[in-house]
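All residue numbers for the sequence shown refer to our numbering, where the first residue is 1 and numbers rise by one. Here the structure comes first, spelled out in structure tokens, and everything after it is commentary.
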Amino acid sequence: MSNNRYQVIRKQHEKTKLILRYITHAQKGSDWHSVKHTHDFTEIFFVVNGKGRFLIDNETFSTYSDDVVIISSKIPHTESPMENEDFEYIVLGVEGLELQDHSGNKLMYQVFNLNSEHDKMMFYLQVLLQEVELKNELYEAICHNILEVLIFLIIRSNDKQLSYRSVTKGMKECEIIENYIKSNYHKNITLDDLSELTYLSKFYISHAFKRYKGISPISYLIQTRVQHAKKLLESTNKSMAQIATDVGFVSQSHFSQTFKQETNHTPLEYRKLSRVLVQDTDRH
């Protein structure tokens with residue numbers, strides 16, 4: 001029997017703090033829109049097939065199959081197919097990544113070919129697309145690990161200087177979520193809605209918001225609804241069904257059950273107790 005063992009020595013690389021905002025698979029079609037825009041994060045384009053044209057800041061250039069285009073954050077850009085040519089690409093939106101030269105200066109963009117790493121990168125990109133399409137258990141964690149593999153392959157194959165910049169992980173997005181819930185608690189809000197609002201995965205939102213507020217986004221939504229329900233129970237004669245609807249619950253029974261879990265009282269009990277307290281206060 002033949003046996004080959006290879007020892008892997010782990011080097012102390014800087015711990016990555018990358019956030020995969022999205023992955024998009026785009027192909028030339030009649031509905032293609034080309035508008036110059038910017039992002040607060042880096043984009044990595046993998047040209048899968050055909051020919052395309054990129055306008056980055058005020059520079060225009062062509063790209064071909066197997067090209068990779070990295071565009072730094074806050075750089076105006078757009079991309080479009082060439083006339084009478086196919087154009088297909090996969091793009092990743094990545095927060096926490098900057099493109100630099102060897103002196104540490106930020107670069108607007110970089111273009112290079114996949115070279116010897118083509119097959120590996122295409123394999124991992126296909127796995128990434130499959131994971132986000134199927135959304136099986138732990139798919140977000142798998143996607144973020146694949147992202148790191150892709151970044152390391154880019155660095156290894158093309159000697160590109162990519163740095164992991166320190167980011168306050170999701171603080172801005174958590175504030176956006178908090179304010180959105182405060183203003184829209186009466187609506188049907190899901191993690192999918194919050195993901196679309198912030199361009200972050202549901203997995204990341206849940207963990208970042210819990211670090212930010214100490215509870216999950218959905219728990220915060222429930223607490224906000226219950227607090228508004230308390231005010232209506234104290235100050236109005238609205239029915240339980242009406243209050244349930246006003247604060248965003250789908251049914252009176254769900255409202256009553258949730259309210260009791262949060263306060264140890266049914267809505268009716270809470271209304272009676274609050275009015276007894278008001279009467280006692282008035283007597284004194």
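Just so it is clear, CB atoms sit at the ideal spot from N, CA and C, and this is done for glycine as well. Since this is a predicted model, take the numbers as computed values, not measurements.
Residues that DSSP places opposite residue i in a beta bridge
i: Asp67; result: Asn113
i: Ser235; result: Looking at the DSSP assignment, Ser235 forms no beta bridge with any residue, so it has no partner.
i: Ala26; result: Tyr89
i: Phe46; result: Val68, Ile90
i: Lys106; result: Gln100
i: Pro81; result: Gly52
i: His33; result: Beta-bridge pairing links His33 to no other residue.
i: Leu20; result: Val94
i: Phe61; result: Phe54
Contact test: residue i Cβ vs the ligand COA heavy atom, cutoff 7 Å
i: Thr38; result: Looking for the ligand COA in the displayed structure turns up nothing, as the structure carries no ligands at all.
Buried/exposed call for residue i, threshold 16 Cβ in 10 Å
i: Thr236; result: exposed
i: Gly214; result: exposed
i: Val8; result: Its pLDDT being 41, under 50, Val8 is placed unreliably by the model, and the measurement read from it follows with that caveat. Classification of Val8: exposed, given that the 10 Å Cβ count is below 16.
i: Gly110; result: Looking at the sequence shown, residue 110 is not Gly but Gln. Looking at its Cβ environment, which holds 16 or more other Cβ atoms inside 10 Å, Gln110 is buried.
i: Ser73; result: buried
i: Lys230; result: buried
i: Arg271; result: buried
i: Ala141; result: exposed
i: Leu123; result: The sequence given here has Phe at residue 123, not Leu. Exposed is the call here.
i: Ile60; result: Correcting the residue identity first, residue 60 is Thr in this sequence and not Ile. Its Cβ having fewer than 16 others within 10 Å, Thr60 is exposed.
i: Leu138; result: exposed
i: Thr190; result: exposed
i: Leu287; result: Since the first residue of the chain shown is 1 and the last is 284, residue 287 is not available in this structure.
i: Leu99; result: buried
i: Leu134; result: exposed
i: Arg275; result: exposed
i: Arg5; result: Confidence in Arg5 is poor, its pLDDT being 47 and thus under 50, which makes the residue's placement unreliable; the coordinate value appears in the next sentence. Answer is exposed; the Cβ neighbour count stays below 16.
6 Å CB neighbourhood of residue i in its chain, flanking five on each side removed
i: Gly288; result: Not covered by the structure: residue 288. The range shown for the chain is 1 to 284.
i: Thr24; result: Val91
i: His144; result: Leu20
i: Ile243; result: Ala229, Leu232
i: Ser166; result: The predicted position of Ser166 is uncertain, since its pLDDT is 43 and thus under 50; no value can be drawn from it.
i: His13; result: Confidence in His13 is poor, its pLDDT being 47 and thus under 50, which makes the residue's placement unreliable; the coordinate value appears in the next sentence. If we look at His13 and ignore the five residues flanking it on each side, it has no Cβ neighbours.
i: Ala26; result: Tyr89
i: Asp234; result: Here the sequence assigns Glu to residue 234, which means Asp is not the residue at that position. Cβ within range, chain order: Ser274.
Whether residue i touches residue j by CB criterion (8 Å)
i: Ser216; j: Lys210; result: yes
i: Thr78; j: His39; result: no
i: Ile151; j: Met108; result: no
i: Lys172; j: Asp86; result: no
i: Gln252; j: Met240; result: yes
i: Trp32; j: Ser62; result: no
i: Lys187; j: Gly248; result: yes
i: Ile222; j: Glu196; result: no
i: Ile56; j: Ile71; result: yes
i: Phe45; j: Val68; result: yes
i: Tyr220; j: Cys174; result: no
i: Asn105; j: Ser157; result: no
Beta-carbon contacts of residue i that lie in its chain and below 7 Å, excluding the five residues immediately before and after
i: Tyr64; result: Val47, Lys51
i: Asn49; result: Ser65, Asp86, Glu88
i: Leu194; result: Ile177, Ile205, Pro217
i: His118; result: Asp66
i: Val149; result: Tyr124
i: Phe203; result: Glu140, Ala141
Cβ shell of residue i (< 8 Å), same chain only, five flanking positions each side left out
i: Leu147; result: Leu18, Leu20, Leu92, Val94, Leu128
i: Thr224; result: Ile181, Lys182, Tyr185
i: Lys120; result: Leu153
i: Lys238; result: Leu232, Asp246
i: Phe255; result: Ala229, Met240, Ile243, Ala244, Val247, Phe249, Pro267
Exercise for the section: Could I get the ranges of all uninterrupted alpha helix (DSSP H) runs contained in the region 125-162, with 4 residues as the minimum, in chain order? Expected result: Within the region 125-162, the complete alpha helix (DSSP H) runs of at least 4 residues are 139-158.
Handout entry: Start-end ranges of the alpha helix (DSSP H) lying completely within the region 189-254, minimum 4 residues
Key = Annotation: the region 189-254 contains the following complete segments of the alpha helix (DSSP H) (minimum length 4 residues), in chain order: 191-198, 202-213, 217-235, 240-246.
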